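Residues 12 to 519, numbered by our numbering, are exactly what the sequence shown covers, in order.
Where is the CB? At the ideal position from N, CA and C, for every residue including glycine.
Since the model is a prediction, treat every value here as computed from it, not as a measurement.
Remarks on the structure that follows.
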Amino acid sequence: MIFQLYESSPGLLAVGVVLSLATVAVLTIRIWGDFVGNAILSTFNGGVLSTGRAAPGPKWQWPNGQFADKFLNGAARSEEWRKYGPVYRVWAGPKPEIVLTTPEDLKVFHTDSDKHTKPLDGNFGWFFDKVLGRCVGLLSLDEWKNMRRVVDPSFTHGASVKRISVTESDARAFVENLHTISNEGAEIAKTKGRFTVPAMAAFMKFPFIFTAEVVYGNMTEAEKEELWAIAEKRQALLPFFFKGSFYRTSYLKWFDRPAYNQLQEFLDSWAEFNTRMARSRREQGLPLPIVTYWDEYLQGNITLEQVTHTLDEMLFANLDVTTHVLTWAITLVADHENVKKELREEIEAHKDNLQEYITNVNTHLHRCYYESLRLRPIAVFSIGESAPSVKNFRGIHVKPNTMVLVDTYAINVRNPFWGPNSEEYDPNRFRNLKSTDLRYNLFVFGFGYRKCLGQYLAGHMVKAILVHLFSQYDVKIIDGRKGKADYDIDKTTWVPVADVTVELTKLQ
């Protein structure tokens with residue numbers, strides 16, 4: 012039948028031949044590109060010196076190496092790449108990245124962590140650089156110190172403790188109103204005292220608005236809605252971070268004009284929103300972080316991009332991150348009855364001093380939080396950094412200024428330090444551990460000189476939600492399981508957020 016069609020339509024036959032030849036050409040270029048590209052990059056840009064062993068690892072693949080895969084399929088790749096040994100190389104586009112999987116090599120790497128640097132594009136490329144390239148988390152050396160001087164005061168441990176009354180009351184109010192966003196509807200949920208919520212959708216907005224009000228102060232509903240609308244514009248840009256190829260270069264503006272226009276629209280609206288919020292808060296005479304940041308910018312101490320990119324990092328880049336941390340903390344406690352029972356009893360014992368209890372790190376509550384961070388790291392492969400000196404990892408001599416990543420699952424879970432039950436959720440494993448024991452055996456807020464800016468605020472926020480959720484409701488996971496101890500993962504985010512349904516039954 013196909014041959015008859017071609018005989019009656021010679022033009023169609025020509026089109027078919029052209030398409031077939033084009034397909035063969037593309038496959039040939041792809042295979043040749045993989046082979047030649049891997050040979051050239053491994054020889055001339057391999058990230059290691061010839062004085063040491065060659066770096067094992069997966070071959071470079073056209074056109075982006077393993078760049079997107081390490082984020083979007085991190086757990087599977089971490090397991091697959093174990094065959095290359097404790098130190099191996101992957102590729103971010105044409106750039107080599109060395110992966111470390113043991114505490115011993117982490118210790119070697121961080122002997123000079125105060126001199127480490129990060130590429131401004133995070134090895135993502137041009138598109139990412141335009142959105143986040145000047146955020147505090149990617150700045151280095153004196154630039155980083157200067158920006159931390161500006162942003163640190165509102166996020167120190169002391170500042171977070173001073174804010175604990177607001178944190179606790181906001182968490183209480185949020186939990187008390189969860190029925191209004193239930194699958195069953197507010198009235199039915201309130202009447203029955205039992206309802207369900209999708210974990211990701213239900214718990215995403217609270218940490219976002221909570222953090223925003225640290226920066227901007229109390230926000231009107233209109234301001235919250237506008238900020239959320241900008242967040243949705245920002246989330247729509249996320250897929251472009253991982254496309255690689257032309258999206259790693261400024262040629263994008265000619266290759267994909269709609270994507271470029273979408274980027275510019277977000278950047279313009281984000282800068283305009285922050286300009287307006289800074290002026291509004293200054294006119295009200297409010298001593299808020301946004302006013303401080305803007306004053307530093309107007310005085311020439313920092314740039315506008317450093318302000319807007321850092322605020323993006325705090326709010327938009329961390330939207331998936333905080334949702335990940337919160338949903339996994341809830342999911343894992345809810346699915347372990349003994350842990351849940353002990354937590355509820357501890358909360359009851361501290362009901363008259365909840366704020367002090369939330370800030371205490373020597374509690375079952377805090378151990379539950381840390382165990383979820385250990386077992387479900389935010390990203391399986393960290394965003395890397397580089398050292399100014401040669402690093403010798405088991406005979407592999409890594410060149411200065413080569414990106415080094417951490418396989419957080421290897422450190423947090425497969426690490427022998429955690430014992431034979433390392434894949435199980437057991438908060439009590441932290442009961443007798445000291446912070447010095449954890450130094451290179453746990454990756455939660457980074458290693459060495461640079462720790463996460465929001466670690467204290469995030470910790471108090473997550474623990475406050477756990478306190479009020481588990482004291483007000485019996486919490487169960489009713490949908491989203493994959494086997495005994497695994498769960499569905501949301502595919503729309505760059506971090507592995509739990510895609511589960513939570514059932515809440517009001518406690519008497």
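Mind checking who R512 pairs with in its DSSP beta bridge?
Taking the first residue of the sequence shown as 1, we reach residue 512 at position 501. Strictly speaking, residue 512 in this sequence is Thr, with Arg absent from that position. Beta-bridge pairing links T512 to P209, D490.
In chain order, what residues of the same chain have a beta carbon less than 7 Å from the beta carbon of K81, not counting five sequence neighbours either side?
As a working mapping, residue 81 is identified with position 70 in the sequence shown. Within the same chain, K81 has close Cβ partners R88, V101, F392.
According to DSSP, is H479 helix, strand or coil?
Along the sequence shown, one-based indexing puts residue 479 at 468. Helix, per DSSP.
Taking just the CA atoms, how far does L299 sit from L309?
For this step, residue 309 is matched to residue 298 along the sequence shown. For this step, residue 299 is matched to residue 288 along the sequence shown. Roughly 16 Å between the two C-alpha positions.
Assign H127 to one of three DSSP states: helix, strand, or coil.
In the sequence shown, residue 127 corresponds to position 116, counting from 1. The answer is coil: DSSP assigns H127 none of H, G, I, E or B.
For the beta strand (DSSP E) holding H408, just list the boundary residues, first then last.
Position 397 of the sequence shown holds residue 408. Counting along the chain, the beta strand (DSSP E) containing H408 begins and ends at 407-409.
Could you have a look at W305 and say whether DSSP puts it in helix, strand or coil?
In the sequence shown, counting from the first residue as 1, residue 305 sits at position 294. In the structure shown, W305 sits in a helix (DSSP, three-state: H, G or I).
Quick check on the DSSP output: the alpha helix (DSSP H) that includes F454 runs from which residue to which?
Residue mapping note: residue 454 aligns to position 443 of the sequence shown, counting from 1. Premise fails: F454 is in no alpha helix (DSSP H) and is neither H nor E.
Buried or exposed: which applies to Y262, given that a residue is buried once 16 or more other Cβ atoms fall within 10 Å of its Cβ?
As a first step, residue 262 must be located in the sequence shown, where it is residue number 251. Exposed, since its Cβ has fewer than 16 Cβ neighbours within 10 Å.
Could you tell me whether the region 58-74 touches the region 401-410, where touching means 3 or more Cβ pairs closer than 8 Å?
Yes, the region 58-74 touches the region 401-410.
Taking the beta carbon of T34 as the centre, do at least 16 other beta carbons fall within 10 Å, making it buried, or is it exposed?
Mapped onto the sequence shown, residue 34 falls at position 23. Caution is warranted here: a pLDDT of 49 is assigned to T34, below 50, making its placement in the model unreliable, and the coordinate value is therefore given only provisionally. Flag for T34 reads exposed.
Looking at the unbroken alpha helix (DSSP H) that takes in M288, where does it start and where does it end?
Counted from its first residue, the sequence shown places residue 288 at position 277. Counting along the chain, the alpha helix (DSSP H) containing M288 begins and ends at 268-294.
Pairing CB atoms from the region 184-191 with CB atoms from the region 496-507, are three or more of them under 8 Å?
Output reads no: the region 496-507 does not touch the region 184-191.
Please state if the CB of P218 and the CB of N426 are separated by a distance shorter than 8 Å.
Residue numbering aside, residue 426 sits at position 415 when the sequence shown is read from its first letter. Residue numbering aside, residue 218 sits at position 207 when the sequence shown is read from its first letter. No, these two residues do not count as a Cβ contact at 8 Å.
Counting only the same chain and skipping the five closest in sequence on each side, list residues whose C-beta sits under 6 Å from that of V530.
As shown, the chain starts at 12 and ends at 519. That puts residue 530 outside it, with no answer to give.
Between the region 370-382 and the region 351-362, do at least 3 Cβ pairs fall closer than 8 Å?
Output reads yes: the region 351-362 touches the region 370-382.
Are the Cβ atoms of W137 and T260 separated by less than 8 Å?
Locating residue 137 in the sequence shown gives position 126, counting from the first residue. Locating residue 260 in the sequence shown gives position 249, counting from the first residue. Yes.
Mark I489 as exposed unless 16 or more other C-beta atoms lie within 10 angstroms of its C-beta, in which case mark it buried.
For the purposes of this step, residue 489 is identified with residue 478 of the sequence shown, where counting begins at 1. Classification for I489: exposed.
Taking V332 as the reference, give the member of K216, K201, D485 with the closest Cα.
On the sequence shown, position 321 is the one that residue 332 refers to. For the residues K216, K201, D485, the minimum Cα distance to V332 belongs to K216.
Kindly indicate the opening and closing residues of the beta strand (DSSP E) around F404.
The sequence position of residue 404 within the sequence shown is 393, counting from 1. That run of the beta strand (DSSP E) goes 402-404.
By DSSP, does K156 sit in helix, in strand, or in coil?
Looking up residue 156 in the sequence shown gives position 145. In this structure, K156 counts as helix in the three-state DSSP scheme.
Per DSSP, what kind of secondary structure is W71 in: helix, strand or coil?
As a working mapping, residue 71 is identified with position 60 in the sequence shown. Here W71 sits in coil by DSSP.
So, do the region 342-349 and the region 315-329 have three or more beta carbon pairs nearer to each other than 8 Å?
As far as the Cβ criterion goes, the region 342-349 does not touch the region 315-329, which means the pair count is below three.
For I241, does the count of other Cβ atoms within 10 angstroms reach 16, so buried, or fall short, so exposed?
Along the sequence shown, one-based indexing puts residue 241 at 230. The residue is buried, with at least 16 neighbouring Cβ atoms inside 10 Å.
State yes or no: is the C-beta of I109 within less than 8 Å of the C-beta of V417?
Stepping through the sequence shown from its first residue, residue 109 is reached at position 98. Stepping through the sequence shown from its first residue, residue 417 is reached at position 406. No.
Can we say the region 165-173 touches the region 455-474, given the rule of at least three CB pairs closer than 8 Å?
The answer is yes - the region 455-474 touches the region 165-173, with three or more Cβ pairs under 8 Å.
Hey, would you say V424 sits closer than 8 Å to L386, going by beta carbons?
As a working note, residue 424 is residue 413 in the sequence shown. As a working note, residue 386 is residue 375 in the sequence shown. A contact, by the Cβ cut-off of 8 Å.
Does the contact criterion of 3 or more C-beta pairs under 8 Å hold for the region 202-212 versus the region 283-298?
The region 202-212 is not in contact with the region 283-298.
Select from S151, G430, G311, I476 the residue whose C-alpha is nearest the C-alpha of P537.
With the chain covering only 12 through 519, there is no way to say anything about residue 537.
Note down, in chain order, each residue of its chain lying with its Cβ closer than 7 Å to the Cβ of L337, except the 5 sequence neighbours on either side.
Here the question's residue 337 lines up with position 326 in the sequence shown. Once the five neighbours on either side are set aside, the close Cβ partners of L337 are F214, P218, V473, I476.
Hey, quick one: how far does the beta strand (DSSP E) through V332 stretch, first residue to last?
Reading the sequence shown from its first residue, position 321 is the one you call residue 332. That residue, V332, is in no beta strand (DSSP E); its alpha helix (DSSP H) goes 329-345.
Would you mind reading off the limits of the alpha helix (DSSP H) that contains K362?
For the purposes of this step, residue 362 is identified with residue 351 of the sequence shown, where counting begins at 1. From DSSP, K362 is part of no alpha helix (DSSP H); its letter is neither H nor E.
Mind checking W339: buried by the 16 CB within 10 Å criterion, or exposed?
Looking up residue 339 in the sequence shown gives position 328. When all chains shown are included, W339 counts as buried.
From this set, F221, T202, W92, H127, which residue's C-alpha is nearest N329's C-alpha?
Within the sequence shown, numbered from 1, the residue matching residue 329 stands at position 318. The shortest Cα separation from N329 among F221, T202, W92, H127 belongs to F221.
Specify, as a first and last residue, the run of the alpha helix (DSSP H) that K118 falls within.
Counting from one through the sequence shown, the residue named residue 118 turns up at place 107. From DSSP, the alpha helix (DSSP H) with K118 extends over 114-120.
If contacts are defined as beta-carbon pairs under 8 Å, then Q483 and L449 qualify, I think. What distance do you get, rounded to the angstrom?
Indexing the sequence shown from 1 puts residue 483 at position 472. Indexing the sequence shown from 1 puts residue 449 at position 438. Their Cβ separation, rounded to whole angstroms, is 32 Å, which puts Q483 and L449 out of contact at 8 Å.
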